[in-house]
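Chemist: Quick note on our numbering: the sequence shown kicks off at 150 and runs consecutively. Questions regarding the structure given below will be posed in turn.
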Amino acid sequence: MSDDLEIKDKIINDALKNINFDGWTKETILTGFVSNKINVDDYDILFPNGIIDTIIHFADLSDRLMIKEFKETDYSDLRTPDKIKQLLLCRFRVLNPNKEAVRKSIACLALPKIQSLH
């Protein structure tokens, strides 16, 4: 795993405490920088597209955690639909502690300002 990936994981994990209440803003992400003693000037280096990049990284982190949890159990005896069900249940377990951050990320990505960037 790259150093940047680990750093971003730490930043997002620490910022989630504030994101759950205050939403996806630069200020909430910077709390993750401060709590990890990372220079806040590195924000634009680590997340060049701003909040969009932070949300994308949160989704990537969630994917990695889901896959890790899924691989901890042997599902080889299950049919494909049941494996998919188990994978979705893993996803829900991973996201459940931060379901408010998920909701706010969807709301943030739906903003017209963000949509114009795609």
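Don't be surprised by glycine CBs; every beta carbon is placed ideally from N, CA and C. All figures in this text were calculated on a predicted structure; none of them were measured in a lab.
1) Mind checking whether LEU258 and ILE194 have CB atoms under 8 Å apart?
2) With a threshold of 8 Å on Cβ separation, who are the neighbours of ARG240 within its own chain once the five nearest residues in sequence on each side are excluded?
3) Considering only their Cβ atoms, is the gap separating ALA208 from GLY181 smaller than 8 Å?
4) Use the C-beta contact count for ILE160: other C-beta atoms within 10 angstroms, 16 or more gives buried, fewer gives exposed.
5) Exposed or buried, which one is ASP153 when buried takes at least 16 other CB atoms within 10 Å?
Modeler: Based on what the coordinates show:
1) As a working mapping, residue 258 is identified with position 109 in the sequence shown. As a working mapping, residue 194 is identified with position 45 in the sequence shown. Not in contact: LEU258 and ILE194 (Cβ atoms no closer than 8 Å).
2) Position 91 of the sequence shown, counted from the start, is the residue given in the question as residue 240. Cβ within range, chain order: SER211 and MET215.
3) The sequence position of residue 181 within the sequence shown is 32, counting from 1. The sequence position of residue 208 within the sequence shown is 59, counting from 1. Taking 8 Å as the Cβ cut-off, GLY181 and ALA208 do not qualify as a contacting pair.
4) Here residue 160 refers to the residue found at position 11 of the sequence shown. In this structure ILE160 is buried. Its beta-carbon is surrounded by 16 or more other beta-carbon atoms within 10 angstroms.
5) In the sequence shown, the residue the question calls residue 153 occupies position 4. Answer is exposed; the Cβ neighbour count stays below 16.
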